[in-house]
Amino acid sequence: MKKLINNPEDVVPDALQGMQAAHGDVLRVMIDPHYLCRADAPVQGKVALVSGGGSGHEPMHGGFVGPGMLDAACPGEVFTSPTPDQMLEATKAVDGGAGVLHIVKNYTGDVLNFEMAADLAREENIEVEAVVIDDDVAVQDSLYTAGRRGVGATVLAEKVCGGAAEEKRSLKEVADLCRKVNGNGRSMGMALTSCIVPAAGAPTFDLGEDEMEIGIGIHGEPGRERISLAPAREVVERLAGPIVEDLSLQQGDNVLAFVNSMGGTPLIELYIVFNELKKLLSGRGVNIARNLIGPYITSLEMAGCSITLLKLDDELTRLWDAPVSTPGLTWGA
Amino acid sequence: MKKLINNPEDVVPDALQGMQAAHGDVLRVMIDPHYLCRADAPVQGKVALVSGGGSGHEPMHGGFVGPGMLDAACPGEVFTSPTPDQMLEATKAVDGGAGVLHIVKNYTGDVLNFEMAADLAREENIEVEAVVIDDDVAVQDSLYTAGRRGVGATVLAEKVCGGAAEEKRSLKEVADLCRKVNGNGRSMGMALTSCIVPAAGAPTFDLGEDEMEIGIGIHGEPGRERISLAPAREVVERLAGPIVEDLSLQQGDNVLAFVNSMGGTPLIELYIVFNELKKLLSGRGVNIARNLIGPYITSLEMAGCSITLLKLDDELTRLWDAPVSTPGLTWGA
Amino acid sequence: MPVQYDDVVAWVKAFASAIEENKAYLTQLDSAIGDADHGTNMQRGFQAAVQKLEESPGDDIGAALKGVGMTLVSKIGGAGGPLYGTFFMQMGTALAGKSELEADDWATALEAGVEGVQTRGKAELEEATMLDALLPAVQALKESVGAGSSLEAALVKATEAAQGGMKATIPLIARKGRASYLGERSVGHQDPGATSSYLLMKAASDVLATKKAS
Amino acid sequence: MPVQYDDVVAWVKAFASAIEENKAYLTQLDSAIGDADHGTNMQRGFQAAVQKLEESPGDDIGAALKGVGMTLVSKIGGAGGPLYGTFFMQMGTALAGKSELEADDWATALEAGVEGVQTRGKAELEEATMLDALLPAVQALKESVGAGSSLEAALVKATEAAQGGMKATIPLIARKGRASYLGERSVGHQDPGATSSYLLMKAASDVLATKKAS
Ligand SMILES: Nc1ncnc2c1ncn2[C@@H]1O[C@H](COP(=O)(O)OP(=O)(O)O)[C@@H](O)[C@H]1O
Ligand SMILES: Nc1ncnc2c1ncn2[C@@H]1O[C@H](COP(=O)(O)OP(=O)(O)O)[C@@H](O)[C@H]1O
Ligand SMILES: [Mg+2]
Ligand SMILES: [Mg+2]
Ligand SMILES: [Mg+2]
Ligand SMILES: [Mg+2]
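Protein chains in written order, with the working numbering: chain A, 9 to 341; chain B, 9 to 341; chain C, 1123 to 1336; chain D, 1123 to 1336.
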C-alpha cells in the first residue's frame, strides 16, 4: 500500500488536524465527536447546512465548509458514514435559529445515521429537514432496493443551497432547492484502477491491465460492467449517454457540466474528457453554461472520473455563481 | 497504459480544446503555434507575464492564465519544452507596451528555447526579461552542471509577479520580484509511483512495491535516492529538512507552505503531509502564514508530493493575497 | 441454570474476539460487494463496547445491553452502526432491569433486537443482509425454546440456522445495502453483515457451552 | 565525386528513418536518466524536416540545411530542438549558396554545426551529452580529410569515432541536461542525445557508401 500516511488508524484524525492547521481562518475542526464547522458558526437567522459521510472523498465534505456553502461537515472513518452523535453535535453547533438542513447521500449507512441524528436534534427542539441525494444513474432506481447512490450532485447541491441559505431563505425553500438540484442532476463514474482502503491495505477490487469498470461507486463499489480499455470519447459516451437520457435533455437546454477526478486521474485527462463531453452535448444542442473540472468528490487514489450534469435554470445559475469561500471552492468573495 | 485519452499524439491538442471549451471566458487557446493567453490580452501599460513548459503538469501553466497571474502560457508536448515560435507568438500577443517577463523553469530545453524566443522578440522591438526559476534542493547546485530544477516556486512566482504586474509595476520591478521569490523559495518532491508518458506507453521508472523515490523531478527524472516506504512524518522530514536548511529558516520566520500533489496523490494525504510539515516547522519556531495545498504542478498521474517553502515578507504576502482569477487559482476577485 | 450478567458480558466479549479474529475476512467479503470496511467497523465498535462494559460493571443486563447498543451507534458508523446498535438497544429494552435470564427471556429479547434491525433498515428476508442470518436464528431459537429445549441447545440450533442463512446469501441478488448496487453481479458472494451476525449467534452458543462445561 | 543536393536530402531522410526505427530505443534510454521523450521528440522534428524538404525542392544545400534547422527548432522543443536546430542552421550558414560539396566543405560545415551546439548548450566533452559523439566525429573527419581520405572513408572514421564517443558516455557522470540531476546515479547509462548523434553520422556514411556503390 503506497500512501502518504502515518498509520492506517490515524488517517482521519491526522488529515483533520491538517485541515485545522491549514484553514483555521475559515473553519474549526472539533474532535470527539469529529466535525468541522464554519469559524463564525452559528450564523444567526440563517438556515444551516450540515452534510457528512465517510472520509476519503476530499475535498467533499469538509473542504466545502465556509461562507456560501456548508455550515458543518461530519467526517466518518474512511468510506464509513459518520455517527449520529457527530451529526447531532454539528447540528447544535451551527443552528442559528432558522433550522438545519441535512444533506445526505443515499447510502444505507448515511441515511440511517442521519435519521437517528435528526430524531435526536428534534428532541432538542432544533428544526431539521433532511434531503437525500440519489443521482447515480449507474444504479437501478427501484423502490425495492437501496436505490441510487448519491454522488456528484451532492457537491452541486451543497453549493446551490449554500448560496440560497446566505440569502436568508427559509428552511423549506432551501430544502426544496436541494430536492430540485437532486431532481435535475445525474451522474455516472468509472474507474481505471481500484482504491486501497488504508485499514484494509489491499485494493478493493482487481482490474486487469486492459480493463476498466463503468458505473463505479465512490467507495470502490463495483459498477455496472467491466469492459476493455476504451478511448476517452467512448468512455464519455458510456457515462454521459445514460445521464442525458435520464434527464431527457433537449435541444436548447443549459447544463452545468461537472467532470470530476476520482483522485488518481490528473487534470490533463479531465480536460480531454471535458472536451469529449462538450462535443457530445453540442451534437445534441445542449449548451454547457457552467462547468466544474477537478477532483471534488474523490475515492481515495482511485484513477477514473465521473460526469455530473445539472440542468440549469436562472435560479440555479444565479445561486451557482453566488460567492463562495471554502477551502475547496472559492469565487466571487 | 491506463489513461483517459484518445490517442497519445492527441493528448495535448485535445486537452487544449477542453481548456478552451471550459474557460473561454478568461482565456483564449491559440493553435499552431500553441499558446494560451488572457481573453483580454494585451493589457495596455501592464507588464505581461509569459511562462511555458512541457505539458503534463496541469494546471501549470495554462491554468494560471488570467487576471492576477499569467498573460500567456506556452504548452509543449508532454514533458517537452515548447518551441521558440510558440513563445514568440505568445510574447507578441500579450505585450501591452510595458515589456514582457519570461518566467522560465531551469531545464536545458526550457532555457534554450526561451533564450531563442527572447532574441527573436527583441528583434521585433519587444522588451523582454527572462528569470530562470531553480528551486529544487534535491539537485546539487553547481556552476558546472545544469543546476537546480525549477519546480514549485514557479507557481508562487507566477502568482506574486502577476499581482505586481496588475499594480502596473515596471518590468524591472516585476523581474526583481521574480528573482526574489526564486531566492526565497525552495522545493523538494518525492514519488510513490512512476508516471507514464503517453507516447512512451510504459512507466518512466520502476519502483518496487515497498519503495519510494526521494528528490524526484516533475518529469519522472529519478531523484536523490530510493528508499523503503516510510510514514508521512519521515517523508516530510526528508523533504522539508533540506529546504529549511537551504533557506536558513530561523525562529520567527514566516513562510508560505505549499504542499503539492504530483497528480495521483489525493487531497486527504496532502493534509496529512501538511499536518506533519506544520509540526516540523512549529518545532523550529517557523510560522506558516499562508498555505497552498492541492495538485498545482503535477507530473501526469505520478503518486507523490512536493513541498515548497517561500520565506515571506510583507510585500510577498500582500502580493500573494492579491486578487487572482484563473482556472487553477481564484480568490479575492 | 439461568444466564447471569457475567454470561452476557462474556457473550459480548466473545463476539468482540470473533470479530477481531475475522476482521480481515469480513473486510475481504465487503471488498467484493461493498466498500471494504465491515471488519474494521465492527472491530472499532465492539472494542469500544467491551471497554464500556469493563468500565461500568453492574447487574442490570438490560441496561448493559442498551449501553452496548449506544456505544455501537456512536462508534461504528456506516450501515452496521445503526443496525447492530439498534439490535442491542432493543434487546436491552426488552430485558430492562433483569439480572438473570431464562431461555424465553432470550428468545423474546433476540426477537425484539431483530425486529429493531428490520424497522430501522426496512429489509426483508432474502435481500442478502444480516437479516438472512438473524431471522432464521430467531425462529430456530423460538421453536427450540417453545419445544422445551435448554437455552444452550436452542442456541446451537439458532447458530446452525444463522449459518445456513449466511450461506444462503451467496446465490441471492442483494436488494439492500451497498451490495444492491451490483444487481446481478452480487450473486455468488456471501454477505459480510450476515457473516458477522452468524458469528454473533455462535459467540452466544459457545459461551453457554463453556458455562455448562465448567 | 562531390556531394550533390540530393545526397544531402538523402542524408536527412536516412537519419529520419533511423530515428523512426530507433524511436522506442531512444525513449527508453531517456527514461532511465531523463524524461522519456527523446525518441518521440526527434521523430516529430525530422518527420517535419523531411516534409519541408519535399515541399520546397531546390539546389542550395546551405539554404536547405538552414530550413531543416529552423523546422527542427519549431517542431522539436526540449533540449534537442535548439541543439539539433542550431547544428543544422550553422551547417547551412557555412554552406550558404553551395550546390555541390567537397570533403573539406563537409568538414568545415560539420565543425560549424558542432560549434553551434557548443555555443548554445555550453557543454564540453565528457559531460555525457550529444557532444561526446559529435566532437570526436568532427575531429576524426577533419583528420581523415586532412590526410587526403575520400569523404566517404572519412565519414566512416567519423562514424566510428561517434560510436566510440556514444559508448564512452556510459561510465560518465552526466554534467549537462536532465541526466545531470542524477549525479552519480547517471553512471552506467548511455546518453540518448549521443546515441541520436551517432545515428546522424552513421546516416551520412551510409548514404555516401550507397552513392558510391550505385
Ligand atoms: N437495510 C439493511 N438492513 C439490514 N442489513 C443491512 C442493510 N443494509 C446493509 N445491511 C448490512 O450491513 C452490511 C454492511 O455493513 P458495513 O460494511 O459495516 O456498512 P456499509 O455498507 O455502510 O459500509 C451488509 O453486509 C448488510 O448485511
Ligand atoms: N547543454 C547541452 N549540450 C549539449 N547537449 C545537451 C545539453 N543538454 C542536453 N543535451 C542533450 O539532449 C539530450 C536530451 O534531449 P531530449 O530528451 O530531446 O530533451 P529534454 O532533456 O529536454 O527532454 C541529452 O541526452 C543530451 O545528449
Ligand atoms: Mg462503509
Ligand atoms: Mg523533455
Ligand atoms: Mg462496508
Ligand atoms: Mg528528454
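In this text, a Cβ means the ideal position worked out from N, Cα and C, and glycines have one as well.
In this text, all values refer to a predicted model and were calculated from it rather than measured experimentally.
Are there any heavy atoms of ligand 4 lying less than 8 Å away from the beta-carbon of B/Asn-121, as far as the coordinates show? no
Extent of the continuous beta strand (DSSP E) to which A/Ala-297 belongs: Element bounds for A/Ala-297: 295-302.
By DSSP, does A/Met-198 sit in helix, in strand, or in coil? The answer is strand: DSSP assigns A/Met-198 an E or B state.
Please state whether the Cβ-Cβ distance between A/Leu-334 and A/Gly-74 is less than 9 Å. The question names Leu, yet the displayed sequence has Thr at residue 334 of chain A. Cβ distance < 9 Å, so A/Thr-334 and A/Gly-74 count as in contact.
So, does the CB of B/Pro-41 fall closer than 9 Å to a CB anywhere in chain A? no
Residues around ligand 4, please: the condition is that the C-beta lies closer than 5 Å to some non-hydrogen atom of it. Working through the chain, the matches are B/Phe-87, B/Thr-88, D/Asp-1157, D/Asp-1159, D/Gly-1200.
Distance cut-off 8 Å: A/Gly-117 Cβ against heavy atoms of ligand 3: Indeed, a heavy atom of ligand 3 lies less than 8 Å from the Cβ.
Interface flag, B/Asp-18 vs chain D, CB-CB below 9 Å: no
So, at 6 Å on beta carbons, what are the nonlocal neighbours of C/Ala-1229 in its own chain, with the 5 sequence-adjacent residues on each side left out? Leu-1263, Lys-1264, Val-1267
Give the residues of chain A in contact with B/Gly-26, contact being defined as C-beta atoms less than 7 Å apart. Tyr-279, Ile-280, Phe-282, Asn-283
Is DSSP giving D/Asp-1226 helix, strand or coil here? helix
What first and last residue would you give for the beta strand (DSSP E) that runs through C/Tyr-1320? It is not in any beta strand (DSSP E) - C/Tyr-1320 instead sits in the alpha helix (DSSP H) that spans 1314-1335.
As an exercise, report each continuous alpha helix (DSSP H) stretch of at least 4 residues that is fully enclosed by the region 1211-1296 of chain D, in chain order. Fully enclosed alpha helix (DSSP H) runs of 4 or longer: 1225-1243, 1253-1268, 1273-1290.
Under 8 Å (Cβ pairs) to chain B, residues found in the region 216-248 of chain A: Glu-217, Met-220, Leu-237, Pro-239, Ala-240, Arg-241, Val-243
Since C/Tyr-1303 meets chain A, which of its residues come closer than 7 Å, beta carbon to beta carbon? For a Cβ distance threshold of 7 Å, residue set Val-147, Arg-157, Gly-225, Glu-229 of chain A lies close to C/Tyr-1303, ordered along the chain.
Length of the line joining the Cα atoms of D/Asp-1128 and D/Asp-1182: Their Cα atoms are separated by approximately 10 Å.
Short CB-CB distance (under 9 Å) between C/Ser-1153 and chain A: yes
Reduced DSSP category for B/Ile-111 - H, G, I as helix; E, B as strand; rest coil: The answer is strand: DSSP assigns B/Ile-111 an E or B state.
Which residue comes first and which comes last in the alpha helix (DSSP H) that contains A/Pro-21? Boundaries of the alpha helix (DSSP H) around A/Pro-21: 19-31.
With a floor of 4 residues, list each alpha helix (DSSP H) that falls wholly inside the region 134-195 of chain B, ordered by position along the chain. 161-174, 179-192
Kindly indicate which residue of A/Val-58, A/Val-86, A/Ile-296, A/Ala-30 has the alpha-carbon position closest to the one of A/Gln-259. Distances from the CA of A/Gln-259 to each of A/Val-58, A/Val-86, A/Ile-296, A/Ala-30 were compared; the closest alpha carbon is that of A/Ile-296.
In its own chain, which residues sit with a C-beta less than 8 Å from the C-beta of C/Phe-1261, not counting the 5 before and 5 after it? Inspection of the sequence shows that residue 1261 of chain C is occupied by Gln rather than by Phe. So the list reads Ala-1283, once near-sequence residues are dropped.
Could you please give the first and the last residue of the uninterrupted alpha helix (DSSP H) stretch that includes B/Thr-212? B/Thr-212 -> no alpha helix (DSSP H), and no H or E assigned at all.
State yes or no: is the beta carbon of B/Thr-306 nearer than 9 Å to at least one beta carbon in chain A? yes
DSSP-derived helix/strand/coil call for A/Arg-36: strand
Is the beta carbon of D/Pro-1314 within less than 8 Å of some heavy atom of ligand 6? yes
Could you tell me which whole beta strand (DSSP E) segments of length 3 or greater appear in the region 223-281 of chain B? 233-236, 262-269
Decide if the region 1130-1139 of chain C is in contact with the region 1288-1298 of chain C; the criterion is three or more beta carbon pairs, one per stretch, under 8 Å apart. no
Does the region 117-130 of chain B touch the region 195-215 of chain B, meaning 3 or more C-beta pairs lie closer than 8 Å? no
Collapsed DSSP secondary structure at A/Leu-44 in the structure displayed: strand
Which of helix, strand or coil does DSSP assign to B/Leu-12? It is coil, neither helix nor strand.
Starting from the Cα of D/His-1160, find the closest Cα among B/Pro-21, B/Ala-207, B/Asn-268 and give me that residue. B/Ala-207
Show which residues of chain D have a CB atom less than 9 Å away from the CB atom of B/Val-205. Thr-1149, Ser-1153, Asp-1157, Ala-1158, Asp-1159, Thr-1162
Could you check if C/Arg-1300 belongs to the surroundings of ligand 5, using beta carbon to heavy atom distance under 8 Å? yes
Using a Cβ-Cβ distance cut-off of 9 Å, determine whether C/Ser-1271 contacts chain A. no
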